[in-house]
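Residue numbers (my numbering), protein chains in the order written: chain A, 1 to 534; chain B, 1001 to 1255; chain C, 2001 to 2714.
Ideal placement from N, C-alpha and C gives every residue a C-beta, glycine not left out.
Keep in mind it's a predicted model, so treat the numbers as computed, not measured.
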Amino acid sequence: MERLLHDTVSLNNLSEEIALRWPEQVRVNPDLQNGLCRMECEASVLTEVCSWLFSKMGYSFASLIVEEEPAEFSLRYIFYGDLENGQVHILYRILKTKATVPSISHFVHAADWHEREAEDLFGLVFEDHPRLGDFVLHEEWPEGVNPMRTDFDASKLYVHREVNPYWRPVRIVQAPGAFMMPIGPIYSDFAESAHFLLETVGEDVIRTIPRFFYKYRGVEKIAEGRTIDEVLLLAERFSGTSAFAHSLAFCQAVEEISRVEVPPRAGALRIFLAELERLRHHIASIAGICGSTALAVATSQASILEEELLRLCCALTGHRYLFGLNTPGGVVMDFSNEALRKLEDTIQGLFKKLEELKKMLSFSSSFLDRLEEVGTVSLESGVSYGLVGPIARASGITRDLRRVLPYSGYEKVEFIIPCEQEGDGYARLRILFSEAKQSANIISQVASSLPPGPILPPPFAVPRGAALGWAEAPKGATFHWVRTAEDGRVVRYRVTPPSFTNWHGFHLAAEDFAFQDFPIIMATFGLSNAESDR
Amino acid sequence: MSKWVLKGLQTGIKTTSYPGREELASGVSPGLPGGKKEPGDEALPVISRCPTHSLRQAEQQILLDYRRCIHCFRCVRGVQGALDWNSGYEWAGSIRTNDDTTPKLGKAFGRSLNILFVDGGACGACLSELEQINKPFYNIHRLGFFITPTPREADILLVAGPVTDHMEFSVQKAFAAMPTPKRVLAVGACALSGGIFGTSFASAGGVPKLIRVDVGVPGCPPPPLAIIHGLLLAVSRKPPASLTFSGSVDGRKNS
Amino acid sequence: MMETGNFLVLFLSLCGIGVILSALFRDRKNPLILAWVASLAAIVILLASGKVLLSGQPFQVELWTLPFSGKLVLAMDRLSALFVFVTGLVFLPVSIFSAGYMPKYLGRYNLKTFGAFYHVLFGATVLVLVSGDILSFLLAWETASIFCYLLVNFEHDREDTTRAGFLMFAMSEAGTLAAAVALLLLVGASGALELRALRAGPAEVSQTLRWSVFLLSFFGFGVKAGLVPVNSWLPRAHPVAPGNVSAVLSGVIVNLGIYGIMRVNVDLLPVISAGPGLVVLLVGALSALVGVLYANIEHNLKTMLAHHTVEQMGIVTIGLGAGLVFVATGHPVIATIAFIAAVYHMTNHSLYKALLFMSAAWVDTTIGVRDMDRLGGLIKRMPWTAFFFLIGAISLVALPPFNGFVSEWLTLQVLLRSAELSSTGAKIVFALCGAGLALTAALAVTCFVKAFAMSFLGVGRSSEVAQAREAPRSMVAPMAMLAALCLLLGVLPTYVIPVLDEVVTPLTGTKAVDALVPPFFATSPQHQELSPEFAAEFHDLGAQTGQGFFPGRGLVVLHRGGEKNPVVFAMSTSYTLIVLVLLLGGTFVLVRGLTRARKVKRQPAWDGGVRRLLPEMTYTATAFSNPVRVVFDAIFRPSTVEDTKETVAEHFRTAIKNGRKEVHIVDRSVFHPIVEFMQSTSVLLGQMHSGSVNVYTAYVIISLIVVLIVQMLL
């Protein structure tokens, strides 16, 4: 079910509406050709405008980009809607001498973690935000040290620490005898490092309090001052399982800055490879879900398909995870049409086995028992937290970047966006299977209609500028903001990965559940800490 | 339930026969660059393309430090004088050879090894490759290797990732909590040298900067067979490869 | 050796001296005086009762003759001697403990009065047990009740203390009243006040009289013993009393209730139908279950122990009930075994409960916190207290080789003997109570695992824990004494049972010692009496095991059946102890030997790599007992006091508050309805008070007319 928008509004109407409502405080600058509406906002109405866009106009919140200039900070709030609604970029400037920024997370809850991250990394204080601190930088980092500031030397280890013996984690449950069960950061066999505190009074877990950023590698900071080529490597490697999608989003941002046209064959190849990655990623998630319920044969079946796909990727492109294929302007390697068609045949064969697995799973009642009604996320919560990707689609939110902000030629490809309503673990599993089917479908379409031509445009220089690039990564919508200097080096790189958005909403699923369902809820969410922590 | 059993039996055996026989299927490994003898004038441009400075020139050849290679393919694609490319997957090498004459666990652990994995900030790719070693195609159980979630039972510690600032304490704590004899295996370019993240305020620049490492498996990510080779090396069932391509006869290993 | 009578005189004079000295000396010296005098008195009384217990010569002396009431007699037969012995066993260590414990009240309360009351209580308790006629019994009983109340109410500034004390006093008086009526009914039936005269008794006692005496005495004395449904005072009074008084309450005063029940229903007016026995059995099982369930969800250390007292008295009552049934249905041997089990359990309970209360009192003294959710890690700071608490706990949950195991084993075995009964109804009741007892035992283990682990193990959960320190030797020694006794009574049941058998035999008329500790060990002189084949069968079953190197008797068996199947069940705690010591010692030696060459590294526990494992991240007592709470929800019926979720701006959840309140099931089902009924009746009756003089005049006239009519008719 598509999410209905409250008013039929298009971008032109939007600028008029805004000019009417807040004539003095907001300066609107529409850019209809690019489907974009830029505006600059004053402090007094920032919250109102954002909240109006979000709740009344039905825009989704994409990202908050903080950039430091010599005398001020500029905060850019990115909203996006469906195809005809385009994107809205709200710019808000604050002098460095001023104390606080109004917080929009009371109304646009999806901005909560963005504001906390900005507070930790830039030192900005958001008024009325009830939970600042202890987010990216953990409790032993001293106050007042903000790595993303220009005066912070990122090349060396930061050794100074402040250990507070009275520090305690935030507690929400206040009941006699309540305590927190700690999980991690080192816990399961091959789990990523993250810390969860499960608040309980002994039986059910009432609330989950996650603590992340154990894998924070400071990608945004170490990208500053590097060449586009080097930052492309960072974009690929901060989350290896969605490497192609992230490098695609980064390349599209650079292409936008340079105003360069991607050749159609490169675009089609990009679609092919992106869907190949999505297929492999979803099969890996399915294997993870079966593994969490300890259904060993199903896990093995899915793992076999995953490994076969990895080998196919490697045989085709030279790397199992599709590293090193994207470059700004196009792709680096070309493939013969026969090779692609042969691959497509093999993939259809693999896909048939996946369908068999799906059928067998849907008849395993003991397996379904562990997934149904476990870790439910409601539609309202999903919308207010701005969840993206397969998780959002399982709760009824069908916004997919390939449809609402089409890129790389997706507007020419036919595919359905699957949607489920229950929002529980089984719904998420069904979405994974449906999306895998759609990916296989798209791969067939592309393989049979690959346009001829070059795969790279003529060489070009990257001028000074800034742009937003996006892609629908396997886990959901990802946004990369790139700002370049005159010499083509990156000055600011902001990544909003889908795992970051979705981990924010993880605690909604992990409330009032039995402890033994925790790994299953984690597996059905299928999120990545590496992607979220950057 | 019986349909699952039948399905499993139908699917048959998919497991590789490595280390008994070489695995020849395509796509099991991305391969590594193989250096180049007598590169001539094209050496410098190729060397400068490597983003992690893993290439250097010595005499008449280009030498490689595999610990830094992040599989970016810049040295083989779109460049004159591209390096040779070696397929294969037996990449693991010993790291500590200076002071300790037995960097590997003894024969007693040859068929019974407990592995603890600690994620020091790895991107998903190394983790995904590591997960494959427990899956049907590779199945380390047949080799007697098992994964354990607690350091108290572990013989070998696998670390992936450049070891972020927040995980430093936990990695060291896990290592200290393991009973002797214990060894450390660093998986991937990030764990060996910091990879593309290098040394920064948030990243230590590799596991050897924190704890002593015994075996290293280069690659970004190393394929499952390379990781298995590393484990087999740790229990002396396979010989090591060189972590730096010297090509020359002295085969000096850098630590 | 002095005569028993002289011992008693010495004892009473020591109590008197104690009172005087407490009044004379200053507060600071008083605890020491109390300790010395009371311990001396305890030793004297131990000697006195020990003499009677072991030699079997009952003691009797007539004191004064009062007009209209007959003679005041003091008599100590073996039953009394046992109870007095147990009293002495508890008072001795508790008095020594008081020397170190009472100083905590210096300056706040009057220690002189405490000393005086303590000695009077001691004297009165013993007098209750040795009184030979109804009048002195009731006098001593009331004195004991009053001084018990005074001691419980010692911290009279606190509101919960005064309320609990008052409840205890009121219920105690109600119980005394019921018991007094029962005794007076007996007196009315037989016409004499002395116990020996009552025992001889009238031949004809009507059924109604029997039942009234039984019910009144059982529930009347049951108040003191803490049986459901009259035990509401117990969980409230024990925790508010000072620590040593709690120990005395649980170890001595509740025994007075059992004494009363036994004296009336087993000795003076033995039951002749199975009905009363079944009632006792059911009440016992119910008490045990209710006690242990509430102990499980309680996380105040002393309240939990108080609930356990209810449970343990329930078990004693189960033994008593089974015995009464078997007496009535003509199985005297099993009845004797049942009574042995009951008094054995009572003895054991006194010992380990006093021990547990003393440890809890020390924890309370140093830390000031009794809530298990705020304790933790105490074993590092008070290792000996923790060790003795553990011994007490293991004894209470009936684990071999400690004493709780022996008595609970015997009780369970007796219940299994229901096979010998003929009535199906009785068998069903026995089966249900047996199941209840088994469930109780399991829940008791749960409770004490939680209690010990949360209080002593793990990491401290509050800052007050840092103040904990080890108890001084004068306080550890009494705990050690009781712990040693627990072990002894557990390991040497074969020596205790014959003594208890002697106690119970006069009541049922049959000896059971042969059935329990059979005389076919080579060292026993009666061995020659048994036929060789009989002894040989036993021999084949291993009854002689260890006899070569363990010269004493090791086995307790429940020997039923004829010569075809001599052994039904057997257990040996002494052999268990030997095997345990060998196994543990052997393992220890083995491990030491094997690891001698290796270095042992000590590392903190693995916690998943967190920077610091905080106390908030460890299990709490409430969490541990939550499954019990959930499973038995129908009994607890907690009412939710608070269940709020606080949010800021709809999405930032800042607090989730949950609060629960539980009302005890006995209060809920018995007392609250009674209170409500009385209140509603009063309201109804209150409507009579309309305030109008005319109506009142009408009442007067109507009642006058009614009286005249009634008089005319009669």
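Residue contact with chain A for B:V1187: absent (no Cβ-Cβ distance below 9 Å to any residue of chain A). In the three-state reduction of the DSSP assignment, A:F479 falls in the strand class, which pools E and B. C:C2015 sits in a helix when the DSSP states are folded into three classes. With a cutoff of 9 Å on beta-carbon distance, A:W481 and A:V495 are scored as near each other. Close to chain C, meaning a Cβ-Cβ distance shorter than 9 Å, is no residue of the region 1127-1146 of chain B at all. Contacts between B:G1161 and chain A, judged by CB atoms closer than 9 Å, involve S193, K215, R217 and A530 in chain order.
If you check each beta-carbon in the region 133-162 of chain A against every beta-carbon of chain B, the ones closer than 8 Å belong to H138, P147, F152, D153, A154, S155, K156, L157 and Y158.
With fewer than 16 other Cβ atoms inside 10 Å of its own Cβ, A:A461 counts as exposed. The beta carbon of B:V1118 falls within 9 Å of a beta carbon belonging to chain C, placing the residue at that interface. Shown here for C:T2446: same chain residues with a beta carbon closer than 7 Å to its own, the five before and five after excluded, namely N2296 and V2628 in chain order.
If you draw a 10 Å sphere on the C-beta of A:S155, you find fewer than 16 other C-beta atoms in it, and that means exposed. Annotation: Cβ neighbours of C:E2616 in chain A (cutoff 8 Å, chain order): R168, P169, R171, F179 and M180. Non-local beta-carbon contacts of B:F1201 in its own chain, meaning distances under 8 Å to residues more than five positions away in sequence, involve D1165 in chain order.
Contact between the region 441-457 of chain A and the region 281-294 of chain A is not established, with fewer than three Cβ pairs separated by less than 8 Å. Taking the C-beta atoms as reference points, A:F506 is found no nearer than 9 Å to A:S63. Classified as buried, A:A440 has 16 or more neighbouring CB atoms from the shown chains inside 10 Å of its CB. Contact between B:G1216 and B:L1192 holds, since their C-beta atoms are separated by about 5 Å, short of 8 Å. For the region 448-529 of chain A, the full-length alpha helix (DSSP H) segments reaching 4 residues or more read 498-504, 506-509 and 518-525 along the chain. Between C:G2275 and C:F2214, the alpha-carbon positions lie close to 10 Å from each other. The three-state secondary structure of A:S365, taken from DSSP, is helix.
Runs of the alpha helix (DSSP H) lying entirely within the region 97-166 of chain A and spanning at least 4 residues, in chain order: 112-122. Between A:D533 and the set A:W503, A:F244, A:G469 and A:H109, the nearest pair of CA atoms involves A:W503. Looking from the CA of C:F2632, the closest CA among C:R2602, C:T2618 and C:I2665 belongs to C:I2665. Going by beta carbons, C:F2114 and C:S2022 fall inside the 9 Å limit. A residue is called buried when at least 16 other Cβ atoms come within 10 angstroms of its Cβ; A:I90 meets this threshold and is buried.
Where C:V2503 is concerned, there is no enclosing beta strand (DSSP E), although the alpha helix (DSSP H) around it starts and stops at P2493 to T2508. Contact with chain C is absent for B:S1026, since none of that chain's Cβ atoms lies less than 9 Å from the residue's Cβ. Take the alpha-carbon of C:G2018 and the one of C:S2095: they are about 12 Å apart. Contact of C:G2260 with chain B is not assigned, every C-beta pair being separated by 9 Å or more. Across the set C:A2237, C:A2225 and C:W2211, the C-alpha of C:W2211 shows the shortest separation from the C-alpha of C:P2270. C:F2339 is outside the set of residues whose beta carbon lies under 9 Å from a beta carbon in chain A. At a cut-off of 9 Å between C-beta atoms, A:Y493 does not count as an interface residue with respect to chain B. No Cβ of chain B is located within less than 9 Å of the beta carbon of A:T200.
Nearest CB-CB separation between B:P1151 and chain C: below the 9 Å threshold. Straight-line spacing of the CA atoms in A:C37 and A:V66 works out to 19 Å. The Cβ-Cβ distance between C:P2242 and C:M2358 does not fall below 9 Å.
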